[in-house]
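Undergrad: Just passing along the structure, written as structure tokens.
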Amino acid sequence: MIIDDLKVFDRYVGLNPLFAAVADFLATTDLSSLPTGITHIQGDDLYINVQEAPVKTRSEARFETHRRMIDIQIPISGDEEHGWAPSYLLPEAPYNEKTDMTLHDPALPQTPEDVATTYYTLRRGQFAIYFPTDGHAPAVTPTGLRKAIIKVKA
Numbered sequence: 050m051i052i053d054d055l056k057v058f059d060r061y062v063g064l065n066p067l068f069a070a071v072a073d074f075l076a077t078t079d080l081s082s083l084p085t086g087i088t089h090i091q092g093d094d095l096y097i098n099v100q101e102a103p104v105k106t107r108s109e110a111r112f113e114t115h116r117r118m119i120d121i122q123i124p125i126s127g128d129e130e131h132g133w134a135p136s137y138l139l140p141e142a143p144y145n146e147k148t149d150m151t152l153h154d155p156a157l158p159q160t161p162e163d164v165a166t167t168y169y170t171l172r173r174g175q176f177a178i179y180f181p182t183d184g185h186a187p188a189v190t191p192t193g194l195r196k197a198i199i200k201v202k203a
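Sequential numbering of the sequence shown, starting at 50, is according to my numbering.
The following block contains the structure:
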């Protein structure tokens with residue numbers, strides 16, 4: 050996992066062959082002007098999904114992991130809290146090949162708050178990069194928010 054300011058995303062272009070295209074996209078695109086939904090940047094290997102995230106508490110957040118894609122999460126309209134835990138700490142759950150997602154639902158007596166090793170606030174103007182080994186419980190927000198998730202082929 051990486052957390053940093055959008056203005057320095059270009060520091061990370063060496064981590065993935067598609068990150069240079071992400072840096073160009075971020076430098077030339079006003080994320081707040083994008084429509085809700087998916088906008089393809091380079092086919093299915095690189096795209097952005099703009100979402101309206103509803104109100105969510107820590108205990109309502111579910112951890113997710115991905116196998117094929119890297120998530121770059123960016124709040125657009127407000128701040129959001131994220132939970133993070135290494136994937137090996139998360140309870141087993143079925144993988145959905147179509148969505149490239151495993152939604153981990155901690156079993157009682159565990160809650161997402163018990164499993165998370167870190168909670169942090171991601172603010173407007175920042176991003177978080179989640180690799181396939183990063184479990185993340187995003188979009189914890191008392192007010193709801195508009196956010197972007199850039200999906201990059203790992």
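Even for Gly, the Cβ is constructed at its ideal location relative to N, Cα and C.
Determine the extent of the beta strand (DSSP E) in which P140 is found, giving its start and end residues.
TA: Per DSSP, P140 belongs to no beta strand (DSSP E) and is neither H nor E.
Undergrad: What are the boundary residues of the alpha helix (DSSP H) that includes A70?
TA: 68-77
Undergrad: Consult DSSP for K105 and reduce its assignment to one of helix, strand or coil.
TA: strand
Undergrad: Taking the continuous beta strand (DSSP E) assigned at V201, which residues delimit it?
TA: Unbroken beta strand (DSSP E) run through V201: 194-202.
Undergrad: To which residues of the same chain is E130 closer than 8 Å at the C-beta, ignoring the five residues directly before and after it?
TA: R107, Y168, Y169, T170, L171, V189, T190
Undergrad: Thinking just about the alpha-carbon of each residue, which of R173, S82, I123, M118 is nearest to the one in M150?
TA: M118
Undergrad: With a CB to CB cut of under 7 Å and the five nearest residues on each side skipped, what residues in its chain are close to T182?
TA: P135, S136
Undergrad: To the nearest angstrom, how far is it from the Cα of S126 to the Cα of A186?
TA: 18 Å
Undergrad: Buried or exposed for E113, going by 16 or more other Cβ atoms inside 10 Å?
TA: buried
Undergrad: Spell out the partners DSSP gives F112 in its beta bridges.
TA: H153
Undergrad: To which residues of the same chain is L83 closer than 6 Å at the C-beta, ignoring the five residues directly before and after it?
TA: Excluding sequence positions up to five before and after L83, its CB lies within less than 6 Å of the CB of V99, all in the same chain and listed in chain order.
Undergrad: I need the boundaries of the beta strand (DSSP E) containing D93, first residue and last residue.
TA: Neither: D93 is in no beta strand (DSSP E) and is coded neither H nor E.
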